[in-house]
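If you use this note's numbering, the sequence shown corresponds to residues 231 to 327, in order. Yeah, the Cβ is synthetic: ideal placement off N, Cα and C, and Gly gets one too. No experiment lies behind these values; they were computed from the predicted model shown.
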Amino acid sequence: MPVLPLIDLLILISWTSFMWAFLHKALWLALGSTFTVVGMTPYDFVLGGGCCLLFALALAARTWVKANEGALLARGRSYAPSAIDEPYEPPPAAAPR
231 MPVLPLIDLL
241 ILISWTSFMW
251 AFLHKALWLA
261 LGSTFTVVGM
271 TPYDFVLGGG
281 CCLLFALALA
291 ARTWVKANEG
301 ALLARGRSYA
311 PSAIDEPYEP
321 PPAAAPR
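Right, dumping it as structure tokens:
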């Protein structure tokens, strides 16, 4: 299953939720009364949108890491040899004058 459409859908849902929360709160202030949509307040819509954005970010990061895992492991091995693999050797002593 391709992941990019799911990430795009989550981003669309979150920004739609944020816009609805803004409109809902504006209507609360303009009309002077509080009402709920499906039992949800503007704060609930903001929390839902934030959760969707965080999930989309986590999904994108996981996809990126999985795609680049081999290159990252190869680069890590070439730059930093393990301290366990090579015994410690003290630096050579300076020649006396």
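Item	Value
Per DSSP, the bridge partner or partners of valine 267	Met270
Which listed residue (Leu289, Leu257, Trp250) has its alpha carbon closest to that of isoleucine 237	Leu289
6 Å CB neighbourhood of proline 272 in its chain, flanking five on each side removed	Ala251, His254, Lys255
Within 7 Å, strictly: CB atoms of cysteine 282 and leucine 240	yes
Residue nearest to tryptophan 207 in terms of C-alpha spacing, selected from Leu234, Val276, Ala304	There is simply no residue 207 to check, as the chain begins at 231 and stops at 327 in what is shown.
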